[in-house]
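Comments concern the structure below.
2 protein chains.
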Amino acid sequence: MHVMIIGAAGMLGRKLASRLVARGEVAGRPIDLLTLADVIEPSQCGPGIRTLTADVSSLGDAAELVAGRPDVIFHLAAIVSGEAEADFEKGYRINLDGTRHLLEAIRSAGAQGPYCPRLVFSSSLAVFGAPFPEEIPDEFFATPSTSYGTQKAIGELLLADYSRRGFIDGIAIRLPTICIRPGKPNKAASGFFSSILREPLVGEEAVLPVPESVRHWFASPRAAVGFLEHAAGIDLSGLGARRSLTMPGVSATVGEEIEALRRFGGERAVRLIRRQPDETIARIVLGWPQRFDPKAALALGFRAEPDFDAIVRVHIEDELAAATGPA
Amino acid sequence: MHVMIIGAAGMLGRKLASRLVARGEVAGRPIDLLTLADVIEPSQCGPGIRTLTADVSSLGDAAELVAGRPDVIFHLAAIVSGEAEADFEKGYRINLDGTRHLLEAIRSAGAQGPYCPRLVFSSSLAVFGAPFPEEIPDEFFATPSTSYGTQKAIGELLLADYSRRGFIDGIAIRLPTICIRPGKPNKAASGFFSSILREPLVGEEAVLPVPESVRHWFASPRAAVGFLEHAAGIDLSGLGARRSLTMPGVSATVGEEIEALRRFGGERAVRLIRRQPDETIARIVLGWPQRFDPKAALALGFRAEPDFDAIVRVHIEDELAAATGPA
Ligand SMILES: NC(=O)c1ccc[n+]([C@@H]2O[C@H](COP(=O)([O-])OP(=O)(O)OC[C@H]3O[C@@H](n4cnc5c(N)ncnc54)[C@H](O)[C@@H]3O)[C@@H](O)[C@H]2O)c1
Ligand SMILES: NC(=O)c1ccc[n+]([C@@H]2O[C@H](COP(=O)([O-])OP(=O)(O)OC[C@H]3O[C@@H](n4cnc5c(N)ncnc54)[C@H](O)[C@@H]3O)[C@@H](O)[C@H]2O)c1
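Here the protein sequences line up with chains H and E, keeping their order. No gaps in the numbering here: position 142 of the first sequence is 142 in the UniProt record's numbering, and each next residue is one more. No gaps in the numbering here: position 39 of the second sequence is 39 in the UniProt record's numbering, and each next residue is one more.
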């Protein structure tokens, strides 16, 4: 089977690629060819891996991506919320036109001969906008409060319609905020959710710009990769036109994050969190969802961590143990 | 004030134009110029009326539409459900790209000098897809089961984002199924809802393809024009990013329609309905919403008919009395 990851050089793309290489199969079938595509040259290589530098927002590149007729396509390419908000045109070009070009490329490949790949699209909680009920049901409407969220919501609608028409067999999975996001601190408004754990766990300071009462919905990078993998293999025929699923996650407050940090890093780690209230970040974050009741995803077998401790444990196992290497 | 109707040659566009001409004002301000635009040359004329033949799905035409910087734009141009389903590319070109081109044309006009028109977009119940709760709340999600519904739902999302960013001051109103639709019978799956009244009221036969128990959500053409007019004038600042409103309507079964017909046309009219079950139509219609709880629209002052009799009365007053002329 031919599997393609678009956005393969990104944080989740790289982890997904490693996972697929390690397992050698997905959706219960062996992977013969894994194409890693990104606008940045993907760095992973090995037998059965092909890399492709392509910009999904270019019509020609989108056609080239699909030319090899991959059986499963993970569409992870996107620019994130802050950038899509700062650069209106770029956000629409990459996050909306990119997705549409990809869908159109698949549709025209299908017009040349039977082709209906499984398409897994990484959507986001950003499709939702405040105010929210305490626990958000699957039937809650998408009223994004960012251009990024709008572009993801439109991608979901296109994916559902192209699926209904038989051009693709698509599923959009709305990923929780990934925590602990590995790597360097970034400027995303959500960055502190990860950095108040990631930095103190290695003895560095981190800034907390919001009160401890702030609650949000999380999953580890490992869980996110698990969602993507699971989404590639399940039977979607029962979903009808409802192809967008909110993924399960852990609802936790910043205070609960800090409690988990105390259990793993002790008081010394907790003391590395510097409280520095930021009105702007606090206001943005107040508009974010806090808790979901993701019945449909659970019924289809998607599983997140049971609690926040498990999320910290994943980080220690996958990032810190790996970094220091085997004893 | 300069007002523009795009899709002005259509059923609702013509009625809205007549209404605006008769009132001479909208949103509490006098209309100095009324531009009637359509891909088909609009037939209405008179002082202060300008007609424009333009295809909103062409980038150049969209810019031309906006060149006169109308203060209020009614965007009614669309191809309907059946056609968008039969011709996938045409549906996306007109119903999606057309709306996006219009929004982009407004955004670039705004880049040349302050411009933020009120944009009223005629959306549809087709943004919803079965299964439904018995009464659909405002917060219910949009999972369209047609390409037309998908295109309308995407238009709503774009309109909300362009409003949030300050490029337009937009509102999408989801019109109920218009009943009694004047004119000739057409091939729309929903056609019978109107024809089982319209034809018998003038002594002609009509075909009923579904059981009398079928329930749906209706408003008269006059109410629809009232929604559009009202949408042009109200303060939308309280809506935030939630710019799409399901309009109030009358929830009625086919049996209730027939009872209303009996009250206005007598037994003789009812006997002109020929029952001719059609599995395909019955299946399509079963997927349609039956009843809404349109709290947000009611709070903003949108009003539909109180019952189905009122819907029939509007037809008699606006179509039949008008056709025969004053006594
Ligand atoms: N990380 C999260 O918390 C989170 C949450 C919800 C959804 N998502 C979504 O998951 C996906 C992956 O997230 P991530 O955290 O790995 O992001 P990332 O920014 O690390 O990776 C995205 C990748 O897409 C690539 N890309 C951007 N534009 C492209 C284009 N035009 N053509 C081809 N490739 C392009 C980038 O080069 C990058 O490698 C994204 O779609 C993101 O929106 C992430
Ligand atoms: N009638 C209903 O029951 C109903 C219900 C819900 C929503 N709506 C929506 O209300 C609007 C008006 O409905 P209607 O019943 O008057 O439809 P209609 O078909 O009578 O009118 C639509 C008009 O749009 C014009 N048009 C089509 N493509 C165009 C283009 N590319 N550029 C410019 N003009 C174009 C057509 O020529 C036509 O005159 C539509 O957007 C429709 O989707 C109607």
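Yeah, the Cβ is synthetic: ideal placement off N, Cα and C, and Gly gets one too.
List the DSSP bridge partners of residue i.
| i | result |
| --- | --- |
| S81 of chain H | S81 of chain H pairs with nothing; no bridge assigned. |
| F140 of chain E | H:F140 |
| I273 of chain H | H:A206 |
| W288 of chain H | None, per the DSSP bridge assignment. |
Rounded to a whole number of angstroms, what is the C-alpha to C-alpha distance between residue i and residue j?
| i | j | result |
| --- | --- | --- |
| F193 of chain H | V254 of chain H | 7 angstroms |
| E156 of chain H | R313 of chain E | 42 angstroms |
| G240 of chain H | F292 of chain H | 22 angstroms |
| P211 of chain H | A282 of chain H | 8 angstroms |
| G265 of chain E | S190 of chain E | 22 angstroms |
| R23 of chain H | D61 of chain E | 54 angstroms |
| A231 of chain E | F218 of chain H | 39 angstroms |
| A296 of chain E | M1 of chain H | 50 angstroms |
| L294 of chain E | V250 of chain E | A small correction: the amino acid at residue 294 of chain E is Pro; Leu does not occupy that position in the sequence shown. Straight-line Cα distance between these residues: approximately 11 angstroms. |
| G129 of chain H | G287 of chain E | 28 angstroms |
| R271 of chain H | V26 of chain H | 43 angstroms |
| S244 of chain H | E89 of chain E | 23 angstroms |
| D55 of chain E | V80 of chain H | 34 angstroms |
| F302 of chain H | D138 of chain H | 14 angstroms |
| R275 of chain H | V207 of chain H | 6 angstroms |
| T53 of chain E | I40 of chain E | 6 angstroms |
| H216 of chain H | A188 of chain H | 15 angstroms |
| A63 of chain H | T51 of chain H | 16 angstroms |
| A109 of chain E | A223 of chain E | 33 angstroms |
| D161 of chain H | P185 of chain E | 29 angstroms |
| I106 of chain H | A17 of chain E | 43 angstroms |
| D307 of chain E | C179 of chain E | 12 angstroms |
| A9 of chain E | Q44 of chain E | 8 angstroms |
What first and last residue would you give for the beta strand (DSSP E) that runs through residue i?
| i | result |
| --- | --- |
| I94 of chain E | Premise fails: I94 of chain E is in no beta strand (DSSP E) and is neither H nor E. |
| I173 of chain H | 169 to 175 |
| F74 of chain H | 72 to 75 |
| L320 of chain H | Unbroken run through L320 of chain H: none, as it is neither H nor E. |
| S57 of chain H | Element bounds for S57 of chain H: n/a, residue is neither H nor E. |
| S124 of chain E | 118 to 124 |
| S213 of chain E | Premise fails: S213 of chain E is in no beta strand (DSSP E) and is neither H nor E. |
| S43 of chain E | Where S43 of chain E is concerned, there is no enclosing beta strand (DSSP E), given that its DSSP letter is neither H nor E. |
| V127 of chain H | Premise fails: V127 of chain H is in no beta strand (DSSP E) and is neither H nor E. |
Would you verify that the beta carbon of residue i is, or is not, closer than 7 angstroms to some beta carbon of chain H?
| i | result |
| --- | --- |
| R291 of chain E | no |
| A241 of chain E | yes |
| G129 of chain E | yes |
| D161 of chain E | yes |
| T150 of chain E | yes |
Give a yes or no on whether 7 angstroms exceeds the smallest Cβ distance from residue i to chain E.
| i | result |
| --- | --- |
| F140 of chain H | yes |
| I154 of chain H | yes |
| S145 of chain H | yes |
| L157 of chain H | yes |
| P326 of chain H | In this prediction, P326 of chain H has a pLDDT of 47, which is less than 50 and means its spatial position is unreliable; nothing more can be read from the coordinates. |
Just reading off the alpha helix (DSSP H) that residue i is part of, what are its end residues?
| i | result |
| --- | --- |
| A299 of chain H | 295 to 299 |
| A22 of chain E | 11 to 23 |
| A105 of chain E | 98 to 112 |
| A232 of chain E | 221 to 233 |
Helix, strand or coil: how does DSSP classify residue i here?
| i | result |
| --- | --- |
| D38 of chain E | strand |
| P182 of chain E | coil |
| T146 of chain E | coil |
| A62 of chain H | helix |
| F132 of chain E | coil |
| I49 of chain H | strand |
| R303 of chain E | coil |
| R262 of chain H | helix |
| S190 of chain E | coil |
| S237 of chain H | helix |
| I281 of chain H | helix |
| I31 of chain H | coil |
| A8 of chain E | coil |
| S244 of chain H | strand |
Can you determine whether any heavy atom of ligand 4 sits closer than 6 angstroms to the C-beta of residue i, and answer yes or no?
| i | result |
| --- | --- |
| M11 of chain H | As far as ligands go, the structure on display features ligand 1 and ligand 2 and does not contain ligand 4. |
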